[in-house]
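Chemist: Shown below is the structure under consideration.
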Ligand SMILES: [Zn+2]
Ligand SMILES: [Zn+2]
């Protein structure tokens, strides 16, 4: 960030009054330009015993498998964003369920939120950001070819909870939370 | 947003290739300037039967009572942000607990996240953004003078869960989620 988005003047990095961190400040118009982490919202689309995954057609992690997910947009709720991404990336219509996982990815300046989701039909279709989309039984999940630690961790939590019967009552789902380290590899 | 923060050229509002929404685009350097909702992270600081609240010394809602909360910063996790805000606004040191509520406030372009928190001692002190800080029993909560719908809703959920014994086992806390409408008044 080099120039003020309001008046095009050069920005300086300085701690404003009553603040404790350096911010990009415009000394011309007085604007303070804050930067904050962004939310990535996605779903765990379920049909019977199977989970829907997408193979990425974009960087980062081109060619690796992911749950449908993307940046939360202005004007939508976190669950609406998860539904939208599931349609856009996987062509699947889901009934969105409860929040299931929240993972902080500090080094990427992101918070990842995944919702349980029921596919209404077994229909799906790769969107422009997906090379292919497929449904997987637990034993067939491509664990070595997953795109992100948050996806791997969410799938691990999902199958563990399902095996333990913890997903049987929608009103008592326990949300899983964890912080992901930069050093984590798939 | 009027000028490119990278090169100071005027921005245009246009839908990029492979996108479905208008974005602020710089035709000079090619930068796309995305805007996304921000996270507000806070805590429900508990000491015995009491909850700690802060009376706001800043707009919006100057003079009204709130749970300690503020914008998530780059470089911190959601729970670390909740701890920081509790120190900054209320001078209270807490052991942060599980995530308790997630509320979408779409019209404010915000997602609010509140964590359960245990105060280590009954000590607190108003920070620069608070006029005063005080501990309240449930019967003394200033319901008519709360700052935000998300704070009121989170406190209602907290006292309902406490009364029902649902907070006794830290490993089985159910996260509450709701979307807040623009029309909601305290
Ligand atoms: Zn300016
Ligand atoms: Zn530019």
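Protein chains in written order, with the UniProt record's numbering: chain A, 1 to 186; chain B, 1 to 186.
Don't be surprised by glycine CBs; every beta carbon is placed ideally from N, CA and C.
Only a predicted model underlies this, so the values are computations on that prediction, with no experimental measurement involved.
Note down, in chain order, every chain A residue with its Cβ under 8 Å from the Cβ of residue 36(B).
Modeler: 38, 39, 71, 72, 73 and 74
Chemist: For residue 5(A) and chain B, any beta-carbon pair shorter than 8 Å?
Modeler: yes
Chemist: Under 6 Å, CB to any heavy atom of ligand 1. Which residues pass, going along the chain?
Modeler: Around ligand 1, the residues whose beta-carbon falls short of 6 Å from at least one of its heavy atoms are 4(A), 6(A), 7(A), 9(A), 26(A), 28(A), 29(A) and 31(A), given in chain order.
Chemist: Please report how far the alpha carbon of residue 52(A) lies from the alpha carbon of residue 27(B), in whole angstroms.
Modeler: 38 Å
Chemist: Can you check which of these residues, 69(B), 77(B), 110(B) and 102(B), is closest to residue 91(B) by C-alpha distance?
Modeler: Residue 91(B) has its Cα closest to that of 69(B), out of 69(B), 77(B), 110(B) and 102(B).
Chemist: What does residue 1(A) touch in chain B if you count any residue whose Cβ is under 9 Å from its own?
Modeler: 5 and 6
Chemist: CB-CB under 8 Å to residue 157(B), same chain, minus the five flanking residues each way: which ones, in chain order?
Modeler: 100, 101 and 176
Chemist: Give the straight-line distance between the Cα atoms of residue 83(B) and residue 121(A), rounded to the nearest whole angstrom.
Modeler: 43 Å
Chemist: From residue 143(B) to residue 43(B), what distance separates their C-alpha atoms?
Modeler: 18 Å
Chemist: Which runs of the beta strand (DSSP E) fall wholly inside the UniProt domain "Nudix hydrolase" (36-159) of chain B and span at least 3 residues, in chain order?
Modeler: Entirely contained in the UniProt domain "Nudix hydrolase" (36-159) of chain B, the beta strand (DSSP E) runs reaching 3 residues are, in chain order, 38-47, 50-56, 69-71, 94-105, 110-119 and 130-136.
Chemist: Can the beta-carbon of residue 116(B) be found less than 8 Å from the beta-carbon of residue 97(B)?
Modeler: yes
Chemist: Would you say residue 93(A) faces chain B, with C-beta separation under 8 Å as the test?
Modeler: no
Chemist: When we look at the beta-carbon of residue 181(A) and count the other beta-carbons within 10 Å, is it buried (16 or more) or exposed?
Modeler: exposed
Chemist: Does residue 182(A) come out as helix, strand or coil in the three-state DSSP assignment?
Modeler: coil
Chemist: Return the bridge partner residues of residue 24(A) from the DSSP annotation.
Modeler: 13(A) and 33(A)
Chemist: With burial defined as no fewer than 16 other Cβ atoms inside 10 Å of the residue's Cβ, what is the status of residue 54(A): buried or exposed?
Modeler: Its Cβ being crowded by 16 or more others within 10 Å, residue 54(A) is buried.
Chemist: Assign residue 201(B) to buried or exposed, taking buried as 16 or more other Cβ atoms, counted over all protein chains shown, within 10 Å of its Cβ.
Modeler: Here chain B has residues from 1 to 186 only, and residue 201(B) is not among them.
Chemist: If you compare alpha carbons, which of 16(A), 89(A) and 11(A) is closest to residue 57(A)?
Modeler: 89(A)
Chemist: For residue 152(B) and residue 128(B), what's the separation of their Cα atoms in angstroms?
Modeler: Going by the C-alpha atoms only, they are around 23 Å apart.
Chemist: Just how far apart, CA to CA, sit residue 32(B) and residue 171(B)?
Modeler: 42 Å
Chemist: Taking 8 Å as the threshold (beta carbon to beta carbon), is residue 43(A) in contact with chain B?
Modeler: It does not; no Cβ of chain B falls within 8 Å.
Chemist: Taking Cβ to Cβ, would you say residue 9(B) is nearer than 8 Å to residue 2(A)?
Modeler: It is not a contact, given that the beta carbons lie outside the stated cut-off.
Chemist: For the region 113-139 of chain B, list every residue whose C-beta sits within 7 Å of some C-beta in chain A, in sequence order.
Modeler: 128
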